[in-house]
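Have a look at the structure below, then the notes.
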Amino acid sequence: MPFGSLAEVKKYSSQYFEIFPEVVSYWQYFHVYPCEMHYLGGGFMMNSVAPIITPGTLRLGVLPPLSLYIHFPWCARKCPYCDFNSYQVRAGIPESAYLEALRIDLETALPQIWGRRVHTVFIGGGTPSLLSADGMERLLSDVRALLPLDPEAEITMEANPGTFESGKFKAFRDSGINRLSVGIQSFNSRMLRQLGRIHDGDEARLAVEIAQRHFDNFNLDLMYALPSQTLREAQDDIDTALAFAPPHLSIYHLTLEQGTAFAKQPPPGLPDDEASADMQDMIREKTSVAGYWHYEVSAYAQPGRQARHNLNYWRFGDYLGIGPGAHSKISFPDRIVRQMRFMQPKAYIEQTIQRMPVQEEVAIAPQDLGFEFMLNALRLNDGFEAGLFTERTGLPLITIEKTLQQAVAKGLLVRDHMTIRPTELGQRFLNDLQQMFLQESGVS
290 MPFGSLAEVK
300 KYSSQYFEIF
310 PEVVSYWQYF
320 HVYPCEMHYL
330 GGGFMMNSVA
340 PIITPGTLRL
350 GVLPPLSLYI
360 HFPWCARKCP
370 YCDFNSYQVR
380 AGIPESAYLE
390 ALRIDLETAL
400 PQIWGRRVHT
410 VFIGGGTPSL
420 LSADGMERLL
430 SDVRALLPLD
440 PEAEITMEAN
450 PGTFESGKFK
460 AFRDSGINRL
470 SVGIQSFNSR
480 MLRQLGRIHD
490 GDEARLAVEI
500 AQRHFDNFNL
510 DLMYALPSQT
520 LREAQDDIDT
530 ALAFAPPHLS
540 IYHLTLEQGT
550 AFAKQPPPGL
560 PDDEASADMQ
570 DMIREKTSVA
580 GYWHYEVSAY
590 AQPGRQARHN
600 LNYWRFGDYL
610 GIGPGAHSKI
620 SFPDRIVRQM
630 RFMQPKAYIE
640 QTIQRMPVQE
650 EVAIAPQDLG
660 FEFMLNALRL
670 NDGFEAGLFT
680 ERTGLPLITI
690 EKTLQQAVAK
700 GLLVRDHMTI
710 RPTELGQRFL
720 NDLQQMFLQE
730 SGVS
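Numbering (this note's numbering), first residue to last: 290 to 733.
See the structure below:
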């Protein structure tokens, strides 16, 4: 779902998308499910995002950290719950042509990010682990040749258990991947069949063992509130995952996304709101006891193991997205721009070879920046430093002061002279808290 696990709080607020429809279209940019996070989507733009604004409207004294997202759009099979820009492999993957297009895309984007160091890289999909080991080496070599990559950069690749093979993943590690995000979803074979996954429970366990063997930093994606899933079965999945002691867990509520097979024909036996909320409470308790920090809506990490790439998103950092349907947010001293690449792989490759990979480019209207910042930052349970708002938006904090005071009065936020963060009540009613800032923006 677009907000990761906001359906988890349906026990407390069951009309989220009905009362907050503007965010649904906005979050076509902001998919975080069922993988950790990436910026693909249906190509919807915010209604209030206007054509490029006149230079000089904003004044950004410091540009934010920059991340790179690389999209690999092919999968062995399209899952019935997935609304990402992904395509089932039918006649082979045009790997060489695609890698060349990615290189040209990145090269074409260089003038917009010239001289800026890249701190994190995320290779998502689709299923990027379908790439050959040589293909991954070529891709990362091109990235290193074209970008000033931080020597300590976090470089994450998504992988699915059905594509695991020990020698191949060692080669991925040797090519420079230093963090793996594994799409387990469940360790229960019956649940996996209902989700349309190509792996079973044994393959899921083997995948984690291989991840442990070659990577000291990895994430496991899990889902709950699955068709006919009981609280005990959800607990077994969490217990199994915790037994492997992964550095990071991303745990999402199954949501029926518009346009998916599940949305067209919902699977029978979906847990009701109360059962889903009980599962969420169990997840929070078990991860806490195991020493994990619930630092973001759907993210749990061992100390010091938060996903740095994701944190840059939530802190309203910049990201360059290359590949079909990839979205970018790029800051300049006088404006903040969003871009979307062509979505269909064939069209993307053809357009990129002509050095025209960007299908749409708009600037964020200044009156929307406060909402966009808060929509991101409020996902973080520890909130943000007050000065970050001005640093990332170019706006004084006073532009949202009235709403901040109202949120504090309602018990949804706490603040001091240094930080602003959601209370436990604010986390439970995150939709209502975010809507307060939406009403202050120009979004219509």
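The beta carbon of each residue, even a glycine, is placed where N, CA and C say it ideally should be.
- Counted as a single uninterrupted DSSP element, the beta strand (DSSP E) harbouring Met446 occupies residues 438-448.
- In its chain, beyond the 5 residues on either side, no residue has a beta carbon closer than 6 angstroms to the beta carbon of Gln501.
- Closest in C-alpha terms to Leu686, from the list Gly614, Leu543, Ala564, Leu658, comes Leu658.
- Minimum Cα-Cα distance from Ser620 among the listed residues Pro369, Pro655, Glu639 corresponds to Pro655.
- Ranked by Cα distance from Leu545, the first of Tyr358, Gln723, Cys368 is Cys368.
- Measuring C-alpha to C-alpha distances from Thr682 to each of Gln694, Gln643, Ile625, Glu713 identifies Ile625 as the nearest.
- Between the stretch 423-438 and the stretch 402-412 there are three or more inter-stretch CB-CB distances shorter than 8 angstroms, so the stretches are counted as touching.
- Counting C-beta atoms within 10 angstroms of its own C-beta, Gln483 has 16 or more neighbours from the protein chains shown and is therefore classed as buried.
- The C-alpha of Phe507 lies about 5 angstroms from the C-alpha of Leu469.
- The straight-line gap separating the alpha-carbon atoms of Thr576 and Arg521 is approximately 16 angstroms.
- Burial is judged here by how many other beta carbons sit within 10 angstroms of a residue's own beta carbon; Thr692 has at least 16 and is buried.
- Going by DSSP, Ala652 is part of the beta strand (DSSP E) stretching over 647-652.
- In this structure Pro450 is not in contact with Ala514, their Cβ atoms being roughly 21 angstroms apart against a cut-off of 8 angstroms.
- In this structure, Glu384 places its C-beta atom within 9 angstroms of the C-beta atom of Gly424.
- Take the alpha-carbon of Gln723 and the one of Met663: they are about 7 angstroms apart.
- For Thr708, the enclosing beta strand (DSSP E) covers residues 708-711.
- When the beta-carbon positions are compared, Val497 and Ile473 come within less than 9 angstroms of each other.
- Sorting Phe726, Ile466, Leu355, Pro353 by C-alpha distance to the C-alpha of Leu429 places Ile466 at the top.
- Residue Arg486 holds the alpha-carbon nearest to the alpha-carbon of Tyr370 among Met632, Arg486, Asp562.
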